[in-house]
Each structure stands twice: as structure tokens, then as C-alpha cells.
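Colleague: Protein sequences, first through last, are from chains S and D.
Each residue of the first sequence is one higher than the one before, counting from 1 in our numbering.
Each residue of the second sequence is one higher than the one before, counting from 320 in our numbering.
Where is the CB? At the ideal position from N, CA and C, for every residue including glycine.
Since the structure is predicted, the reported quantities are computational estimates derived from the model, not experimental observations.
Structure in C-alpha cells, see below.
2 protein chains.
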Amino acid sequence: MSANLAFAAAHLPEIRSAAERIGPHIRRTPALTTDLDPALILKPECFQVTGSFKARGAFNAVLRLPPGTPGVVTASSGNHAQAVALAARTAGLRALILIPEGANPAKIAATRAFGAEVLTEGVTFANRDEKLVEAVESSGYALVHAYDDWNVIHGQGTGALELLEDVPDLDTVACPVGGGGQISGWALATKAIRPEVRVMGVEPATADDAYRSFHSRTLERLTAAPITIADGVKTLSIGAKNFEVLIENGLMDDIVTVTEEELEQALLTAWLRCKIALEPTGALSLAAFLAGKLGAGRRVGLVLSGGNADPSLVARLLR
Amino acid sequence: MSANLAFAAAHLPEIRSAAERIGPHIRRTPALTTDLDPALILKPECFQVTGSFKARGAFNAVLRLPPGTPGVVTASSGNHAQAVALAARTAGLRALILIPEGANPAKIAATRAFGAEVLTEGVTFANRDEKLVEAVESSGYALVHAYDDWNVIHGQGTGALELLEDVPDLDTVACPVGGGGQISGWALATKAIRPEVRVMGVEPATADDAYRSFHSRTLERLTAAPITIADGVKTLSIGAKNFEVLIENGLMDDIVTVTEEELEQALLTAWLRCKIALEPTGALSLAAFLAGKLGAGRRVGLVLSGGNADPSLVARLLR
């Protein structure tokens, strides 16, 4: 279907306000070229505060909470957790974070280091939304959902404002898709400002719920936690608001999947050739590019979403 | 002794010309902030063309050769080799590169990939200058010395022009010191433009020839190839022109050394916390900063000189 550009345009003022609101707390990440391919432009959100793009959405959502809010609560496999923990500390609020058992230990430790209370016991990728509702009720804290939240989506979109300004002749942008928060923000900003730029999603083949939702035009849901090294996109489905942006309003042009082998290869390429220490999820868009799945483009912008890698995984790949 | 600012000022026009000459061939690397310390500014030359700052000096020297030059020859442990190989290919010249036996295999392979002829047999860190003279005589090619060459020094100084422009309130810059090419260019540019900025050198403790030269004010030379993971700074002494800039004319304010343990720790910090995949030499200035050896500064700029790491070394450290 054709993109609903009016829907995108209606969200642009909120994304611009988000950029002003979070400006003092986040980092403007650079647009990098590489020796790999002159068409390629990288947006390394691994250099963002807390090591991933999640700081953008978390700061925007936390800074919009009404005065008197005692704390914030969220569920996250890690990067959103760190981002909410830092945003809450910055705003003087408590933070309670639900992280599924078995998540990347480096991310759990980093979240605790920001002063948040972390709950992992009994939390799984499958039940964490229910656990989150219980935690909101018992704590009285405000929920900052990782992706199904307009303030979060608008915050994530601020990265696109930067890249579109830095690279005026971009013809494609590609983002990883987990819950769909980042790509929703990028799609809204991109289609509002430069509708001719193609917005592409990338998922691991083993976690292809958004790919299937895109093609069936209904919200598809994985029946079990997927097996992938991309631990940042293990969500079972995209959120309702993300479905509305990407599929109902047609703001994502296409979505492709990559194999675990393609992802491992891209991660090594990022580390050894681009000199960027990504986490696996951060290399999804590069994997799609290297596998030739993003189509022809003279100027292709890839969002490298984060760099909070598990060192033992990287050590295994480098050996 | 006090810095000879007139000497620095006399070189500035050549550094500015170098920036124009090499502009179409190299990359303007960003100035990055990190979550480590708000005082810290990183200049990641690992994102430079060929993965290190060496492209700046090599392009400047090769592009200044007289018409009709048949080829270029140099000796290098690796990064200068790749840079000269690419600059020669770009200029349509042949390249013959002497690389010491036992150098980082990734760097040798990359040099050959740029179309250069590589000679390793019988070349050691100790004898490579003599071997180089022989190779110049037998080939008839022009010598592009890795550091003891004004065109190379002026090219390296272009990185300082960028950082001083991007960060106007810098109070210290720190560079690794091998042969002294990069820090000579940085010292000339920095003292010419912002003489109050402190210029600091950093060496591995096991390769402290420049440290000793700085204190004795004579050109000290190591008696054997040093043992250090920083394979980019294994030169036995700095060059004559580098001694002239840094010590005779007093343009390097101070020099410190770091232990191998401090360097390994800094390399891990760069990879895991800054998300920058450095080679060991590239982490020297960060090691000095993290060890508190650069003194107090409100805005400390660190040159991260390159990222062409041996994957097996990094895998060992990450485990």
C-alpha cells in the first residue's frame, strides 16, 4: 500500500520537540563512511549514551512524566533497561526493571550500575508483558514501555532527523526490528521529511514476526522466544502502535530477514573492517546490506542500533 | 625548555595545504564523547581510510612526488604500508613495501590486497632502515619514509586541524609515539594554532626510547626490538626530523609511558565501553588517560591512532 504521508507529517512536530527535550542528555552520533562500499553510511548508535539508541526514547518518555511521579517501571532484555535506569536517575526518579532470566549478563549489571532495581526471577520473554502489568499495579510507578509508546517512538525518531540532515542525498535507510520502536520513529521522521527515501526493516530469520505481519497485514506473534544471537530483537511481536505506523499506515517500505550466519559475518565485518564494536542486534542492518538484501542504492544509511555485546560471544567469533 | 612557536607557525601553511591536497582521498574523522568521563574527547583515526591515521601522511607524500616517478618504496610494520599502498594505487604508481618478519599478518594481507609488492624475507625491526636504502637503490622508486619526512609529518598534522576546529576549548592532546610522525604533525599544528594546549606523548614502558630522548635531550635508541602488544610503535628511535620538532624545538610538552597491563585494560575499555575496535597501539593514549598519567584537564583529546587489530589477540583479551 502507499505510505500515509499525512500521518507521518502529523507526528513530526513531536519528534522535533523530542530532539530539543533530550538534546542536553543524549549524544548526536556521527554519520560514518567506511572502506567497505562508497554507497554506505553508518549511523553508529553504539556511541549513544548507554551504548544504544534506547537512550533517545527513554529520556523523551521519562522527561514527559507529570511532576510527582514516584518512579518508572519497564520490561526489557537490556538496552532499554539501561536507558530507562539512566533517564530515571537523571530525573531523580526510582526505576524498577524487569529483565528476562537468561538475558545478557553485561546488560543486567549495567542496569544495576545505574541505580535501578532489577527483577529477573520468574520473568521470561513470553510472560514479561503480564509481569509488567503486575509490577505497575504493585509499585504505582509509571510505565515506560520499550516500544509501544508514542513518547518512546518520537524519541527514537530523533536519530533520523540527524542522519537526514547530515546526509541530504540518502535514498534508503535500514533499521533492525524488534518491538518496532526505533523503526517506527525513523519511518515517521523519514517519510515526513524525505518521503522518497525507502525505509527498510531487518529481522533475524528465526524471529520473523514483523516480516510475517508485513505480508499478512495482521499482527503476527511468535509462539516461543526465538533463538538468535541478536538478543535485542527477541520480542514476540511488534507493538500495536508500531503496527499502526509501519503496516497500517504503510510507512515501512519493505522488511527482509537475515540468517544467523549472515549476522555473525556482519558482526565480524563491523569489528574488523569498520572498527565498530557492535552487539549482534546492532549488525542486523549491515548483515542485510552485505547479503545484498537492501536493493540497489547510491546512498544507503544503516542504523547500527547498539554496542553492548557479550564479550564471550565476540571472543568466540574472533577466534 | 619553552616551545619554539615560530618554528611551529612556519610549518602551519604546509599542514593547511596538506589538508586541501588529501581532502578528496581521506576521511574527516569525528570527535566523539563517551560515557567514561565528560572531560574526554576521542579522535578515532581507526575510522580513517585504511584503518589508521597513516593515510593522511602517505597521501600527502605520494601526491607531492614529481611527475614521472615510477613507484614508491617504504618500510613499515603495517599501517603505513597499507596507507602507502593505497596512495600509490590511487596515484597510479607501483609500491614496494618492506615489512619485518613476524609482523601482524592481517596488516601484511591488507597491504597485498591494495596491490603492493611486499618483501618480508630477512627484514627485521632492527635492520629495516638499511634494507630500505638497498631497496631504494635497486628499484629506483621514491622513498616515502614512515615518519622522518616533512610531507608525512604535515599530512599527519591535518588530524589536529580537525580536532582543534571541532573542540575549540581543548586543553590537552595526547598521541602515541613510535617514530614520531603523528605527534610531530599534531605538535606543529597545535602549537601554531593554540599554543596553550598541552601536547603529550605516550609510549609503552617497554619501548621508551622517546621518553628517554625527551629527558636526556639526545636521540636515544633501543638496542633491540621491544616486546609490546603495541605493534605500531616498535621503532627503535624517533626520526631526526621528529627529534627536531618534539625535543629541539620543545613542541611536545611531556611524554609518559604505560605498562602492558594498562594497555590491555585500555584496549578492553575501548572495545567494551567506548564500542571502538582499536588495535593495541590505538589504545595507548586512552591507557595513559585511564591510568591518570595525563594530568588534570577539563577537555582532553586522545588520538586513537588505528584499528587494524589481530583478531586472535583481541579474542584472548575478551575471554
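#1: Within 8 Å of any Cβ in chain S, is that where the Cβ of I595 of chain D sits?
#2: Is it a yes or a no for the segment 233 to 253 of chain S touching the segment 597 to 604 of chain D, going by three-plus beta-carbon pairs under 8 Å?
#3: Expressed to the nearest angstrom, what Euclidean distance is found between the alpha-carbon atoms of E583 of chain D and L636 of chain D?
#4: Assuming A414 of chain D is part of the beta strand (DSSP E), what are its boundary residues?
#5: Note down, in chain order, all residues in the segment 39 to 66 of chain S with a beta-carbon under 8 Å from any beta-carbon belonging to chain D.
#6: Once the 5 residues before and after R194 of chain S are set aside, which same chain residues still bring their CB inside 8 Å of it?
#7: Relative to chain S, which residues along the segment 402 to 426 of chain D have a C-beta separation below 7 Å, given in chain order?
#8: Look at the Cβ atom of P455 of chain D, then the Cβ atom of A350 of chain D, and state whether they are nearer than 8 Å.
#9: For the alpha helix (DSSP H) containing L438 of chain D, list its first residue and its last residue.
#10: How would you list, in chain order, the residues of chain S whose beta-carbon sits under 9 Å from the beta-carbon of A634 of chain D?
#11: Can you tell me the Cα-Cα spacing of A75 of chain S and H145 of chain S, whole angstroms?
#12: Going by the CB atoms, is the gap between G23 of chain S and G155 of chain S shorter than 8 Å?
#13: Would G626 of chain D count as contacting chain S if we go by Cβ distances under 8 Å?
#14: Label P38 of chain S either buried or exposed according to how many other C-beta atoms from any shown protein chain fall within 10 Å of its C-beta, with 16 as the threshold for buried.
#15: With 8 Å as the threshold, decide whether the Cβ of P349 of chain D is near any Cβ in chain S.
#16: List the residues of chain S whose Cβ lies closer than 7 Å to the Cβ of W590 of chain D, in chain order.
#17: If A91 of chain S and G115 of chain S are in contact, beta carbons under 8 Å, what's the gap, nearest whole angstrom?
#18: If you draw a straight line from the C-alpha of P523 of chain D to the C-alpha of L587 of chain D, how long is it?
#19: For the alpha helix (DSSP H) containing V152 of chain S, list its first residue and its last residue.
#20: Have a look at the DSSP bridge pairing and note the partners of D254 of chain S.
#21: Kindly list the residues whose CB is nearer than 7 Å to the CB of S321 of chain D, restricted to its own chain and excluding five residues on each side of it in sequence; keep chain order.
#22: If we count Cβ pairs, one from each stretch, closer than 8 Å, do we get three or more for the segment 385 to 394 of chain D versus the segment 415 to 429 of chain D?
#23: Have a look at D:L355, D:L359, D:T348 and flag the residue whose alpha-carbon is nearest the alpha-carbon of I374 of chain D.
#24: Could you tell me the distance, in whole angstroms, from the CA atom of G498 of chain D to the CA atom of I557 of chain D?
#25: Which same chain residues, not among the five before or five after A585 of chain D, have their C-beta less than 7 Å away from its C-beta?
#26: Rounded to whole angstroms, what's the CA-CA distance from N308 of chain S to E162 of chain S? Just pull it up for me.
#27: Can you list the residues of chain D that D35 of chain S reaches, using a CB-CB cut of under 8 Å?
#28: What in chain S is Cβ-close to R346 of chain D, meaning under 7 Å?
#29: Answer yes or no: do E579 of chain D and T509 of chain D have a C-beta to C-beta separation smaller than 8 Å?
#30: Is it the case that the Cβ atoms of R618 of chain D and I360 of chain D are separated by a distance below 8 Å?
#31: From L132 of chain S to L222 of chain S, what does the alpha carbon distance come to, in whole angstroms?
#32: Might you give, ordered along the chain, the residues of its own chain that have their beta carbon closer than 6 Å to the beta carbon of A315 of chain S, omitting 5 neighbours on each side?
#33: Does S52 of chain S come out as helix, strand or coil in the three-state DSSP assignment?
#34: Is T542 of chain D helix, strand or coil by DSSP?
#35: To the nearest angstrom, how far is it from the Cα of L555 of chain D to the Cα of F444 of chain D?
#36: Using a Cβ-Cβ cut-off of less than 7 Å, list which residues of the segment 287 to 311 of chain S approach chain D; keep chain order.
Modeller: Looking at the atomic coordinates:
#1: In the second sequence, residue 595 of chain D corresponds to position 276, counting from 1. Yes, its Cβ sits closer than 8 Å to a Cβ of chain S.
#2: Short answer: they don't touch.
#3: One-based indexing of the second sequence puts residue 583 of chain D at position 264. One-based indexing of the second sequence puts residue 636 of chain D at position 317. Answer to the nearest angstrom: the Cα atoms are 7 Å apart.
#4: Taking the second sequence and counting its residues from 1, the one referred to as residue 414 of chain D is at position 95. From DSSP, the beta strand (DSSP E) with A414 of chain D extends over 413 to 417.
#5: Residues P44, C46, F47, V49, T50, G51.
#6: Here residue 194 of chain S is taken as the residue at index 194 of the first sequence, counted from 1. Closer than 8 Å at the Cβ level, and outside the excluded window around R194 of chain S, lie L164, L170.
#7: Contact annotation: in the segment 402 to 426 of chain D, no residue has its CB less than 7 Å from a CB in chain S.
#8: As a first step, residue 455 of chain D is located in the second sequence; it is residue number 136 there, counting from the start. As a first step, residue 350 of chain D is located in the second sequence; it is residue number 31 there, counting from the start. The sequence given here has Val at residue 455 of chain D, not Pro. Between V455 of chain D and A350 of chain D, the C-beta spacing is not below 8 Å.
#9: Indexing the second sequence from 1 puts residue 438 of chain D at position 119. For L438 of chain D, no alpha helix (DSSP H) run applies; the uninterrupted beta strand (DSSP E) run containing it begins and ends at 436 to 438, by DSSP.
#10: Locating residue 634 of chain D in the second sequence gives position 315, where the first residue counts as 1. Contacts between A634 of chain D and chain S, judged by CB atoms closer than 9 Å, involve V314, A315, R316, L317, L318, R319 in chain order.
#11: Residue mapping note: residue 75 of chain S aligns to position 75 of the first sequence, counting from 1. Residue mapping note: residue 145 of chain S aligns to position 145 of the first sequence, counting from 1. So the two alpha carbons sit approximately 7 Å from each other.
#12: The sequence position of residue 155 of chain S within the first sequence is 155, counting from 1. The sequence position of residue 23 of chain S within the first sequence is 23, counting from 1. With contacts defined as CB atoms closer than 8 Å, G155 of chain S and G23 of chain S fail to qualify as a contacting pair.
#13: Here the question's residue 626 of chain D lines up with position 307 in the second sequence. Using a CB distance cut-off of 8 Å, G626 of chain D counts as an interface residue toward chain S.
#14: By 1-based counting over the first sequence, the position of residue 38 of chain S is 38. By the beta-carbon neighbour count (other beta carbons within 10 angstroms, threshold 16), P38 of chain S is exposed.
#15: For the purposes of this step, residue 349 of chain D is taken as residue 30 along the second sequence, with counting starting at 1. Closer than 8 Å: yes.
#16: Working through the second sequence from its first residue, we reach residue 590 of chain D at position 271. Those are A277, listed as they occur along chain S.
#17: The count along the first sequence starts at 1 and reaches residue 91 of chain S at position 91. The count along the first sequence starts at 1 and reaches residue 115 of chain S at position 115. No, A91 of chain S and G115 of chain S are not in contact; Cβ-Cβ is about 12 Å, not under 8 Å.
#18: Walking along the second sequence from the start, residue 523 of chain D turns up at place 204. Walking along the second sequence from the start, residue 587 of chain D turns up at place 268. P523 of chain D and L587 of chain D have their C-alpha atoms some 16 Å from each other.
#19: In the first sequence, counting from the first residue as 1, residue 152 of chain S sits at position 152. Annotation for V152 of chain S: the continuous alpha helix (DSSP H) segment containing it runs 150 to 156.
#20: Taking the first residue of the first sequence as 1, we reach residue 254 of chain S at position 254. Answer by DSSP bridge pairing, in chain order: S:M200.
#21: Within the second sequence, numbered from 1, the residue matching residue 321 of chain D stands at position 2. Apart from the 5 residues on each side of it in sequence, S321 of chain D sits with its Cβ closer than 7 Å to the Cβ of G569 in its chain, given in chain order.
#22: Cβ pair count under 8 Å is three or more, so yes.
#23: As a working note, residue 374 of chain D is residue 55 in the second sequence. In the sequence as displayed, the identity of residue 374 of chain D is Ala instead of Ile. When each option's Cα is compared against that of A374 of chain D, the closest is D:T348.
#24: Here residue 498 of chain D is taken as the residue at index 179 of the second sequence, counted from 1. Here residue 557 of chain D is taken as the residue at index 238 of the second sequence, counted from 1. So the alpha carbons of these two residues sit roughly 4 Å apart.
#25: Here residue 585 of chain D is taken as the residue at index 266 of the second sequence, counted from 1. So the qualifying residues of the chain are A602, L605, A606, L609.
#26: Locating residue 308 of chain S in the first sequence gives position 308, counting from the first residue. Locating residue 162 of chain S in the first sequence gives position 162, counting from the first residue. The C-alpha of N308 of chain S lies about 22 Å from the C-alpha of E162 of chain S.
#27: Sequence index remark: in the first sequence, residue 35 of chain S carries index 35 (1-based). Chain D residues near D35 of chain S: V368, T369, G370.
#28: Start at 1 with the first residue of the second sequence, and residue 346 of chain D comes out as number 27. Simply T33.
#29: Taking the first residue of the second sequence as 1, we reach residue 579 of chain D at position 260. Taking the first residue of the second sequence as 1, we reach residue 509 of chain D at position 190. No. Outside cutoff.
#30: By 1-based counting over the second sequence, the position of residue 618 of chain D is 299. By 1-based counting over the second sequence, the position of residue 360 of chain D is 41. Going by C-beta atoms, R618 of chain D is nearer than 8 Å to I360 of chain D.
#31: By one-based count along the first sequence, residue 132 of chain S stands at place 132. By one-based count along the first sequence, residue 222 of chain S stands at place 222. Their backbone Cα atoms lie some 19 Å apart in a straight line.
#32: Working through the first sequence from its first residue, we reach residue 315 of chain S at position 315. There are no such residues.
#33: One-based indexing of the first sequence puts residue 52 of chain S at position 52. In the structure shown, S52 of chain S sits in a strand (DSSP, three-state: E or B).
#34: In the second sequence, the residue the question calls residue 542 of chain D occupies position 223. Residue state, collapsed to three classes: coil.
#35: Reading the second sequence from its first residue, position 236 is the one you call residue 555 of chain D. Reading the second sequence from its first residue, position 125 is the one you call residue 444 of chain D. So the alpha carbons of these two residues sit roughly 8 Å apart.
#36: For the segment 287 to 311 of chain S, the set of positions with a beta-carbon nearer than 7 Å to some beta-carbon of chain D reads G307, P311 in chain order.
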